[in-house]
Amino acid sequence: MPYTTLDDANPAIRGIKPSVTLEQANEIAAQAEQIGGDNAWAIAIRNFKKTHVVHNRRWVPRDTKDAVEEASKNSEDYLVVEDPDKPSTWHLQVKKNGKPDRRLMGAAWAALTSNYRGQSYEGPQKAEALRKLKALYKAQDWPLPGQKAEEAQEVDASSPTAPVAPIVSFAQLRAEQDAQQLMDSVQTLVADFCMLANNTLLLPADEAINALTALIDELSVELSKLRPSDVESTTAESASAENNSVTLTLVEGIEGANVVEDQTGLAESALTMDVQIIRPGWGNARDNNYYPADMLRRDAVKFVGAKMYETDHRQDEKSTRTWVSTIKEIVGFTPAGAPIARVVVHDPNFAARVRNLASAGLLNKLECSILADGRVREFKQDNRSGRMVEAITSVSSVDWVTRAGAGGMAMAIVENDSLPDQSSGDEAAMLQEDGVKSILAASGLPPAAQLRLQKQYTTRQSLDEAIAAERDYLKAVTGSGRPFGLTSTYTTDVLEEVDKRKNEINNKYFGGYHDHQTRL
Numbered sequence: 054m055p056y057t058t059l060d061d062a063n064p065a066i067r068g069i070k071p072s073v074t075l076e077q078a079n080e081i082a083a084q085a086e087q088i089g090g091d092n093a094w095a096i097a098i099r100n101f102k103k104t105h106v107v108h109n110r111r112w113v114p115r116d117t118k119d120a121v122e123e124a125s126k127n128s129e130d131y132l133v134v135e136d137p138d139k140p141s142t143w144h145l146q147v148k149k150n151g152k153p154d155r156r157l158m159g160a161a162w163a164a165l166t167s168n169y170r171g172q173s174y175e176g177p178q179k180a181e182a183l184r185k186l187k188a189l190y191k192a193q194d195w196p197l198p199g200q201k202a203e204e205a206q207e208v209d210a211s212s213p214t215a216p217v218a219p220i221v222s223f224a225q226l227r228a229e230q231d232a233q234q235l236m237d238s239v240q241t242l243v244a245d246f247c248m249l250a251n252n253t254l255l256l257p258a259d260e261a262i263n264a265l266t267a268l269i270d271e272l273s274v275e276l277s278k279l280r281p282s283d284v285e286s287t288t289a290e291s292a293s294a295e296n297n298s299v300t301l302t303l304v305e306g307i308e309g310a311n312v313v314e315d316q317t318g319l320a321e322s323a324l325t326m327d328v329q330i331i332r333p334g335w336g337n338a339r340d341n342n343y344y345p346a347d348m349l350r351r352d353a354v355k356f357v358g359a360k361m362y363e364t365d366h367r368q369d370e371k372s373t374r375t376w377v378s379t380i381k382e383i384v385g386f387t388p389a390g391a392p393i394a395r396v397v398v399h400d401p402n403f404a405a406r407v408r409n410l411a412s413a414g415l416l417n418k419l420e421c422s423i424l425a426d427g428r429v430r431e432f433k434q435d436n437r438s439g440r441m442v443e444a445i446t447s448v449s450s451v452d453w454v455t456r457a458g459a460g461g462m463a464m465a466i467v468e469n470d471s472l473p474d475q476s477s478g479d480e481a482a483m484l485q486e487d488g489v490k491s492i493l494a495a496s497g498l499p500p501a502a503q504l505r506l507q508k509q510y511t512t513r514q515s516l517d518e519a520i521a522a523e524r525d526y527l528k529a530v531t532g533s534g535r536p537f538g539l540t541s542t543y544t545t546d547v548l549e550e551v552d553k554r555k556n557e558i559n560n561k562y563f564g565g566y567h568d569h570q571t572r573l
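For the sequence shown, the residue numbers in the working numbering are 54 to 573.
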C-alpha cells in the first residue's frame, strides 16, 4: 500500500467492472484498511459504488459539478496522453466523443505552431502531437488552417516562432479569447458551407442552383450572427409554421438623395440630405427580394436613427472614421412609395464631396444600400420568383456604396432646410434635371409623356400636380376605370375637365402657359 499498478491490487478491486483507476483502487484499499474485519473489502467497495457512478464506461464521483464533464472525457480525443488513467495529463483535445471537431483542431494547431490565447504548447510529445494533428486533417480531407488543401506544407514544430507580447491584464485576455473564438467560429462556418455546397452538386442541375442560392442566403445570416454590432438585430433564419415566412438579412441598394443645405448656423461643412432609401418592387437580382409599397410605408420608421457608413457593407471597415451620416427622420414618400429620409451629414470631407458631385452634375451617381433584417415568404410575380418582404424587423445601417442593388439616383441640392411654402409667395425650390427625370421615372407614366413633362415643370409641387393631371388624361383617353357602353360625350367632358385642371396649374406656375402639345 499504496499500489503502484492495478496488477498489485486486491482481487476484489480488480473484479470491479468497469475497471477503476489506480487512484480509485488506492482509495478503496485505504478505506478497507480503516474499516477492518472480514467484510472490510466488501463494505469499502459498496461505499465506493454509492459515491460513484459509471458514465461512458468510467467511474466518476456522483453528484459533483464536474462528474459529467470528467466522465465524458476520452483519452482518444486528445493528441497527448501521458497517463491513460489521469485525465489531468491529457493535452490538446481535438475530438468530441471520438468525432473530430474542427474548432478544437484549430485551437490545437494554433497552440502547436504559434500562439493560442496568449500561450503556446510546450509540453511533452509536441512533435508527435503535431504529426498526429496533420494526419487527422488529412484523414478528414480538411486543409491546414491558413492554407489551401493543395498548398499545405510541412510545419517544423522545432522551428522558433516570433516572440509574442505577454498578456498581462484581464481585458487583454478577454479580447484575445473573443478574437480566437470568432476566428474559430468563422473557420468552422466556412468549412461547413463548403461541405454543404459540395452536397448541392449531387442534386439535378435546376435543384442544385436553387439549393446553392438558398445556402448562400443562410451563410449570410450565419455570418451576420458573428459580426459585432452596436445595433441589436435578429438575423437568424427561423421558419414560421403559420405563414411559412422566415427572417433574413436584407441587403438592398437605392440611389436617390435630395441634398438640403443647412442654414441654421452649423459649421460650414454641415449638410442635410433627403435620401430615397429604397424603392418598392424587386430588389437586386441575387437576393430576389420584393418590397411592397405598403410595407415600406409602414416600416419606414425603422430606418430612423440608422448610421450610414461610407463602405460597401464591409463590417471590418465600419468605424467612427467611416460613419459619415445618420438618418434623422422620415419626411415623406415618393409617388411610387419609396421612403424619403432626412439625413444629417456630420463628416466634413464627405459633405464636401457631396457638394462637389452636385456642382459637377453627378449627384445621381451617389448611391446607398440598406442592411436590414426582415421577415420574408415565397413570392412570384410576372414569371419572376423570389421572396416578398412582409416586414422589416430591424435596421443595421444604410451605407453609401459603389453600386446599389435597387436602382435610383441622387436628386438635387436645395438651399434651405425645408421646402418653401408655395402659397406664401416665396420662390419655389427648383429641381435639377436629374431630379425631374427621377420623379417622372417613378410616376409610371409612358416614356413619351415623361419626356413632354420633363422640360415644363421645375418645382416638386408643380411636377406632382402635373403628373396627377396627366394620369387623369390617360385614363380618360384609354377608358380605364369606366364601364363599357358610354358615349363619346363622357370622354369629351372628362378631357375638358382635365384641360381645365392643367391650365390652372400652368397659370399658377408659368403665368398663363397652356399645354397644347399633341396628346399621346
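Beta carbons: idealized from backbone N, C-alpha and C, even for Gly.
Contact check for F386 against R350 passes: the beta carbons are separated by less than 8 Å.
For D426, the enclosing beta strand (DSSP E) starts and ends at E420 to Q434. For A228, there is no enclosing beta strand (DSSP E); the enclosing alpha helix (DSSP H) covers residues F223 to T253. Counting the other Cβ atoms within 10 Å of the Cβ of D352 gives 16 or more, which makes it buried. Taking a 10 Å sphere around the C-beta of K149, we find fewer than 16 other C-beta atoms and assign the residue as exposed.
Taking the Cβ atoms as the reference, S378 lies roughly 4 Å from V398, within the contact range of under 8 Å.
As computed with DSSP, G90 is found in no beta bridge at all.
In its chain, beyond the 5 residues on either side, N63, A65 and A85 have a beta carbon closer than 7 Å to the beta carbon of W94. The C-beta of F223 has fewer than 16 other C-beta atoms within 10 Å across all chains shown, which makes the residue exposed.
L186 has its alpha-carbon roughly 7 Å from the corresponding atom of L132. The three-state secondary structure of T387, taken from DSSP, is coil. Annotation: T446 is outside any alpha helix (DSSP H); the continuous beta strand (DSSP E) that includes it extends over R437 to V454. Setting aside the 5 residues that flank it on each side, A391 is surrounded in the same chain by Q329 and R332, each with a C-beta closer than 6 Å to its C-beta; the list follows chain order. Remark: C-beta atoms of L276 and A250 do not approach each other more closely than 8 Å. Residue state for K185 is assigned as helix, using DSSP reduced to three classes.
For V73, no beta strand (DSSP E) run applies, since DSSP gives it neither H nor E. DSSP lists V134 as the beta-bridge partner residues of W143. Taking R374 as reference, the option from T364, K381 and G151 with the minimal CA-CA separation is T364. One Cα belongs to S412, the other to K418, and the distance between them is close to 13 Å.
For G334, the three-state secondary structure derived from DSSP is strand.
Taking E76 as reference, the option from R408, D136, P499 and E181 with the minimal CA-CA separation is D136. Bounds of any alpha helix (DSSP H) do not take in K360; it lies within the beta strand (DSSP E) bounded by K360 to Y362.
When the alpha-carbon of K102 is set against those of D259, P71 and K278, the nearest one is in P71. Residue state for S372 is assigned as coil, using DSSP reduced to three classes. Residue pairing by DSSP places V407 opposite no residue, since no beta bridge is assigned to it. Distance between V134 and P177, taken at the CA atoms: about 9 Å.
Bridge partners of S378 according to DSSP: M361 and V398.
Assigned with DSSP and collapsed to three states, R367 falls in coil, not helix or strand.
Burial is judged here by how many other beta carbons sit within 10 angstroms of a residue's own beta carbon; I423 has at least 16 and is buried. Distance from the Cα of L272 is smallest, within the candidate group S238, L255, D259 and L256, for S238.
In terms of Cβ geometry, K381 and R395 form a close pair [threshold 8 Å]. Excluding its 5 nearest sequence neighbours in each direction, S450 has C-beta neighbours in its own chain below 7 Å: A359, K360, M361, Y362 and L424, listed in chain order. Listed in chain order, the non-local C-beta contacts of L235 below 8 Å within the same chain comprise L279, local neighbours out to five positions each way being set aside. Secondary structure note for W112: its beta strand (DSSP E) is the uninterrupted segment R111 to P114. According to DSSP, residue pairing for V106 in a beta bridge involves V113. K179 is bridged by DSSP to nothing; it lacks a bridge partner.
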